[in-house]
């Protein structure tokens, strides 16, 4: 049981190949010396601890770890109706897309030491496979979810090398175009062949800048849809994509903004990740995914 206090620190000691575990005591003393400390041991621990903290009215839940631990924490906080618990982030993961995205897009404002930035962010909600999840950075469907699956299997690598390997494996094993119907903001469903669909709040996904104009506080999703591209065409575009230069002059690549989206698949199960965590795999046989935006829902402090 978490004792009521101003702050709760949740530490994933395995994040960043053990960096969080090595540095957690000095960091906790710096950002919240009087906090209760919870050390995660398995998947779901961070979500349960954050839910308990928010339910008891704790002022801040501080995550020491990576994007996966942050994803669990926001789902714990937001599962408590009308929670006003803020999220503190000490980024020590392998990719840290959420934290880098906050810095890259320049959202928020400088915060008092020991924090760098303070921002109130939008949050996404996805309903897929019979359950609802929140996300703070990106929802990826199709090829990007396949990359996330491979990245989870190669945690011994960190940063860009890990996701470059995952990309190469997905290019070889998971490259296909799914016939789906997509609707934005309640509009008509449009049939299209889809390689990937990314619904972003932040600019980075798997260390790659797929939504260069995305901001976590602008009240809208930035969407990237890639259609029937070949492997060779994707490989040719990769140097530009690595720089955050999305080749939207190709009619099969669309960038747009929206507040809600729906994806329906007819003959192939949808695979999706939220903040790098797989929420539906092929075994779930999910045929419909709905996404909506909750504006200005969560206060965040970035270390």
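Residue numbers (this note's numbering): 7 to 309.
All residues carry an ideal CB built from backbone N, CA and C; glycine is no exception.
Fair warning: this is a prediction, and the values are worked out from it, not measured in the lab.
Leaving out five residues before and five after residue 129 in sequence, what residues of the same chain have Cβ atoms less than 8 Å from its Cβ?
Counting from 1 along the chain shown, the entry for residue 129 is found at position 123. Cβ-Cβ distances below 8 Å link residue 129 to 80, 84, 140, 141, 142, 207, 299, 300, 303 and 304 in the same chain, with the five nearest sequence neighbours on each side left out; the list follows chain order.
Would you mind working out which of 176, 219, 155 and 104 sits nearest residue 73, comparing C-alpha positions?
The residue given as residue 73 occupies position 67 in the chain shown. Measuring from the Cα of residue 73, the nearest candidate turns out to be 104.
How many whole angstroms separate the CB atoms of residue 144 and residue 203, which I take to be in contact at a CB cut-off of 8 Å?
Sequence index remark: in the chain shown, residue 144 carries index 138 (1-based). Sequence index remark: in the chain shown, residue 203 carries index 197 (1-based). That belief does not hold up - the Cβ atoms of residue 144 and residue 203 are roughly 11 Å apart, past 8 Å.
Thinking C-beta only, is residue 75 closer than 8 Å to residue 153?
Looking up residue 153 in the chain shown gives position 147. Looking up residue 75 in the chain shown gives position 69. Going by C-beta atoms, residue 153 is not nearer than 8 Å to residue 75.
Is residue 196 helix, strand or coil when you go by DSSP?
Within the chain shown, residue 196 is the residue found at index 190, counting from 1. Of the three classes helix, strand and coil, the one that applies to residue 196 here is strand, per DSSP.
Quick check on this structure: which residue in 20, 95, 110 and 66 has the alpha carbon closest to the alpha carbon of residue 211?
Numbered from 1 along the chain shown, position 205 holds the residue referred to as residue 211. The shortest Cα separation from residue 211 among 20, 95, 110 and 66 belongs to 110.
Taking contact to mean 3 or more Cβ pairs, one atom from each stretch, closer than 8 Å, check whether the stretch 265-283 and the stretch 184-193 are in contact.
yes
Indicate the three-state DSSP secondary structure (helix, strand or coil) for residue 279 in the structure shown.
The count along the chain shown starts at 1 and reaches residue 279 at position 273. The answer is strand: DSSP assigns residue 279 an E or B state.
When the Cα of residue 46 is compared with those of 40, 92, 68 and 195, which residue comes out closest?
Position 40 of the chain shown holds residue 46. The residue with the shortest Cα to Cα distance from residue 46 is 68.
Just to confirm the assignment, what range does the beta strand (DSSP E) spanning residue 265 have?
Translated into the one-based positions of the chain shown, residue 265 becomes position 259. Neither: residue 265 is in no beta strand (DSSP E) and is coded neither H nor E.
Who are the Cβ neighbours of residue 235 in its own chain at under 6 Å, not counting the five residues just before and after it?
Residue numbering aside, residue 235 sits at position 229 when the chain shown is read from its first letter. Same-chain partners within the cutoff: 201 and 258.
Assign residue 30 to buried or exposed, taking buried as 16 or more other Cβ atoms, counted over all protein chains shown, within 10 Å of its Cβ.
On the chain shown, position 24 is the one that residue 30 refers to. Burial call: buried.
If you draw a straight line from the alpha carbon of residue 94 to that of residue 175, how long is it in whole angstroms?
Position 88 of the chain shown, counting from 1, holds the residue named residue 94. Position 169 of the chain shown, counting from 1, holds the residue named residue 175. Inter-residue distance for residue 94 and residue 175 is about 34 Å (C-alpha atoms, whole angstroms).
Alpha carbon to alpha carbon, what distance is there between residue 309 and residue 194?
Within the chain shown, the letter at position 188 stands for residue 194. Within the chain shown, the letter at position 303 stands for residue 309. Taking the straight line joining both Cα atoms gives about 43 Å.
Where does residue 139 fall in DSSP's three states?
Here residue 139 refers to the residue found at position 133 of the chain shown. Looking at residue 139 - three-state DSSP - the assignment turns out to be strand.
Whole angstroms are fine: how far does the CA of residue 222 sit from the CA of residue 41?
Translated into the one-based positions of the chain shown, residue 41 becomes position 35. Translated into the one-based positions of the chain shown, residue 222 becomes position 216. One C-alpha to the other measures close to 27 Å.
For residue 82 versus residue 49, is the C-beta spacing smaller than 8 Å?
Working through the chain shown from its first residue, we reach residue 82 at position 76. Working through the chain shown from its first residue, we reach residue 49 at position 43. Not in contact: residue 82 and residue 49 (Cβ atoms no closer than 8 Å).
From 247, 297 and 218, pick the residue whose C-alpha is nearest to that of residue 266; which is it?
Translated into positions along the chain shown, residue 266 becomes position 260. Here the closest residue by C-alpha is 297.
So what's residue 308 in DSSP terms, helix, strand or just coil?
As a first step, residue 308 must be located in the chain shown, where it is residue number 302. Three-state DSSP puts residue 308 in a strand.
Spatial neighbours of residue 180 within its chain, please: CB distance less than 7 Å, with the 5 preceding and 5 following residues excluded, ordered by chain position.
Within the chain shown, residue 180 is the residue found at index 174, counting from 1. Closer than 7 Å at Cβ, skipping near neighbours: 149 and 152.
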